[in-house]
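A short write-up of the structure that comes next.
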Amino acid sequence: MKRVDRYLLARVDLPDSHTLAVYRAHGGYQALEQVLRKPWKPEQVTQVVKDSALRGRGGAGFLTGLKWSFMPDPAKDPRPRYLAINADESEPGTCKDRVLMERDPHGLIEGCLVSAYAMRASTVYIYVRGEYRVSYARLQAAIDEAREAGLVGRRILGSDFSCEIWMHPGAGAYICGEETGLMESLEGKRGHPRPKPPFPAASGLWRSPTTVNNVETIFNVPFLVLRGADWFKALGTKGSTGNFLCGISGHVERPGVYELPFGVTAREILEQCAGGVWKGRRLKAFFPGGSSTGLLPASSVDVVMDHDSVKAAGSMFGTAAMIVLDETASIAQLMEVTLRFYDHESCGQCSQCREGTEWLHQIFRRIVRGQGRMQDLDLLVSLANGMAPAKTICALADAAAIPTLSAVKHFRAELEQCVRLGRDPLATATAQSPEHHEAHA
Ligand SMILES: Cc1cc2nc3c(=O)[nH]c(=O)nc-3n(C[C@H](O)[C@H](O)[C@H](O)COP(=O)(O)O)c2cc1C
Numbered sequence: 036m037k038r039v040d041r042y043l044l045a046r047v048d049l050p051d052s053h054t055l056a057v058y059r060a061h062g063g064y065q066a067l068e069q070v071l072r073k074p075w076k077p078e079q080v081t082q083v084v085k086d087s088a089l090r091g092r093g094g095a096g097f098l099t100g101l102k103w104s105f106m107p108d109p110a111k112d113p114r115p116r117y118l119a120i121n122a123d124e125s126e127p128g129t130c131k132d133r134v135l136m137e138r139d140p141h142g143l144i145e146g147c148l149v150s151a152y153a154m155r156a157s158t159v160y161i162y163v164r165g166e167y168r169v170s171y172a173r174l175q176a177a178i179d180e181a182r183e184a185g186l187v188g189r190r191i192l193g194s195d196f197s198c199e200i201w202m203h204p205g206a207g208a209y210i211c212g213e214e215t216g217l218m219e220s221l222e223g224k225r226g227h228p229r230p231k232p233p234f235p236a237a238s239g240l241w242r243s244p245t246t247v248n249n250v251e252t253i254f255n256v257p258f259l260v261l262r263g264a265d266w267f268k269a270l271g272t273k274g275s276t277g278n279f280l281c282g283i284s285g286h287v288e289r290p291g292v293y294e295l296p297f298g299v300t301a302r303e304i305l306e307q308c309a310g311g312v313w314k315g316r317r318l319k320a321f322f323p324g325g326s327s328t329g330l331l332p333a334s335s336v337d338v339v340m341d342h343d344s345v346k347a348a349g350s351m352f353g354t355a356a357m358i359v360l361d362e363t364a365s366i367a368q369l370m371e372v373t374l375r376f377y378d379h380e381s382c383g384q385c386s387q388c389r390e391g392t393e394w395l396h397q398i399f400r401r402i403v404r405g406q407g408r409m410q411d412l413d414l415l416v417s418l419a420n421g422m423a424p425a426k427t428i429c430a431l432a433d434a435a436a437i438p439t440l441s442a443v444k445h446f447r448a449e450l451e452q453c454v455r456l457g458r459d460p461l462a463t464a465t466a467q468s469p470e471h472h473e474a475h476a
């Protein structure tokens, strides 16, 4: 693997990396100064982001500059404008934004300010996963420090640009990471996703123009201002530019969050960053981008990690949260746990999702317990096809259906064997006990 030119994680190992003093000593707030003092026009900032072809790091991989350009022209639309930062990070396996928020909070704040300037927003909300207490505290402390230094609030650095940043803790619901569920929650309501259209840029928070972006996406923006789009494009592949944060977990020797350029292979990440499959065992399967992406068999481990290549391999890049399973893992048990999560987190608005996630969970549960039926395999496929793609208000149903379909596709023989034997030979003892399931029903 070629040497990684780290910028996203360049500061995180410095002592007191979360403080304004350390951030400034390492070039912090220079992008904001450049934009406000030169000054750049807001459209210039958007243009750099467009030219860079930065894709959102929140899972869908949508082009960030294009998304920003959907915000209406302020000359024709006087409504207040908002930037909402999605720091809900609740997808199983995903743990990258947390590192940035805990160890480089000023990097996110500077990204928020420069991005808000580009979109002419004067209010930013950062919606943080409820369990992320340290992230919340670090960000709040950093905002306070920045405000004290004239970097947040009215007439920032003596310019005409004013911008407030408010923190909002979530309450531990995965659905509040979906951008419209997030907006409902921010408005103080139950986190029920809204039907789209209208899209947030047309009618978002309090029915005003809003852009929702992921933490890592916005963290890239100051670097784009300082180093330019060509530098960024040179780092990745044609369709996926820059570096990305990969959180690798599961049966590996060194789980963690690693910064990598698009174009590395899953094998390189597994072997060179994470030290390989643990205990000298063999690889069985992996989720390339979090538990909502298609499960891939070991034979796909040479897939190039970028949006197009992972899609061509039959999965999704998602949030680059690789979850690795060794040869001893039970696919039925993995799927029982995964579907238990989606069943629990479905908001219940759409019947396909509300009922479908529960059925999928129950079927995997009975397969692990040795009570599955041969026709259950086709039933799983039929149910999942009834839930996705794009059959519901939001993509939570897809997040449950996609791994289900891939598990049946690649591991049908193993699931059938559980049915035939009347037990799952690979499942751990607890997973097979009725008490365990009753506790999680
Ligand atoms: C059920 C569900 C949960 C989601 N959770 C998150 C999340 O925790 N963080 C995130 O950035 N995006 C999450 N997303 C994606 C967001 O809806 C949205 O696409 C993203 O915040 C846009 O930011 P980006 O363009 O910068 O990637 C989720 C989507 C769904 C359907």
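Residues 36 to 476, numbered by this note's numbering, are exactly what the sequence shown covers, in order.
Backbone N, C-alpha and C fix where the C-beta goes; we use that ideal spot for every residue, glycine too.
All of these numbers come straight from a predicted model, not from anything done at the bench.
With the cut-off set at 7 Å, would you say valine 250 and aspartate 132 are in Cβ contact? yes
With distances taken Cα to Cα, identify the nearest neighbour of tyrosine 58 among Gly142, Leu135, Val84. Gly142
For the stretch 403-410 against the stretch 450-461, are there 3 or more C-beta pairs whose distance is under 8 Å? yes
Count Cβ pairs between the stretch 135-151 and the stretch 159-177 that sit closer than 8 Å; are there 3 or more? yes
Do phenylalanine 376 and proline 127 have their CB atoms nearer than 7 Å? yes
Can you have a look at asparagine 248 and say buried or exposed, based on whether 16 or more other CB atoms are within 10 angstroms of its CB? buried
Considering only heavy atoms of ligand 1, does any lie closer than 6 Å to the CB of alanine 477? The structure shown does not extend to residue 477, since the chain is modelled only from 36 through 476, so no value can be given for it.
Just to check, is the beta-carbon of valine 70 closer than 6 Å to a non-hydrogen atom of ligand 1? no
Less than 8 Å between the CB atoms is what I'm expecting for leucine 431 and isoleucine 210, so what's the real figure, rounded? 6 Å
Smallest Cα separation from proline 140: which of Ile428, Ile200, Ile191? Ile200
What residue range is occupied by the uninterrupted beta strand (DSSP E) comprising methionine 357? 356-361
Got a sec: does ligand 1 put a non-hydrogen atom nearer than 6 Å to the Cβ of alanine 355? no
Check whether the stretch 337-354 touches the stretch 290-298, taking contact to mean three or more Cβ pairs, one atom from each stretch, closer than 8 Å. yes
Which same chain residues, not among the five before or five after glycine 311, have their C-beta less than 8 Å away from its C-beta? Val287, Glu288, Leu305
Run through DSSP, which three-state label would glycine 100 get? helix
Is the Cβ-Cβ distance between tyrosine 64 and glutamate 145 less than 7 Å? yes
Contact check, tyrosine 152 vs threonine 245, beta carbons under 7 Å: no
By DSSP's criteria, glutamate 68 is part of a beta bridge. Which residues make up the other side? Partner(s): none; glutamate 68 has no beta bridge.
With a CB to CB cut of under 7 Å and the five nearest residues on each side skipped, what residues in its chain are close to glycine 96? Arg90, His342, Phe352
If you draw a straight line from the C-alpha of lysine 319 to the C-alpha of lysine 444, how long is it? 14 Å
Closer than 6 Å to a non-hydrogen atom of ligand 1 - does that hold for the CB of valine 247? yes
Could you tell me the distance, in whole angstroms, from the CA atom of glycine 188 to the CA atom of arginine 316? 54 Å
Can you list, in chain order, the residues of its chain whose CB lies under 7 Å from that of lysine 268, leaving out five sequence neighbours each side? Ser87, Ala88, Thr276
Return yes when the Cβ of methionine 422 is within less than 7 Å of the Cβ of glutamine 387, no when it is not. yes
With hydrogens ignored, establish whether the beta-carbon of aspartate 378 is closer than 6 Å to any heavy atom of ligand 1. no
So, using beta-carbon positions, are lysine 85 and glycine 100 closer together than 7 Å? yes
The alpha helix (DSSP H) enclosing leucine 418, as first and last residue numbers: 411-422
Just to check my reading of the structure: proline 438 and leucine 330 have Cβ atoms closer than 8 Å, yes? What is that Cβ distance to the nearest angstrom? 5 Å
Is it buried or exposed, glycine 239, if we count other Cβ atoms within 10 angstroms and call 16 or more buried? buried
Buried/exposed call for arginine 173, threshold 16 Cβ in 10 Å: buried
Going by the C-beta, is phenylalanine 322 closer than 6 Å to any heavy atom of ligand 1? no
Let me know the secondary structure DSSP gives tryptophan 75 once reduced to three states. coil
heavy atom of ligand 1 below 6 Å from cysteine 147 C-beta: no
State the Cα-Cα distance for the pair tryptophan 394 and phenylalanine 322, rounded to the nearest angstrom. 22 Å
Contact set for serine 350: own chain, Cβ-Cβ below 6 Å, skip 5 residues either direction: Pro323, Thr328, Gly329, Leu331
With H, G and I counted as helix, E and B as strand and the rest as coil, what does DSSP make of threonine 427? coil
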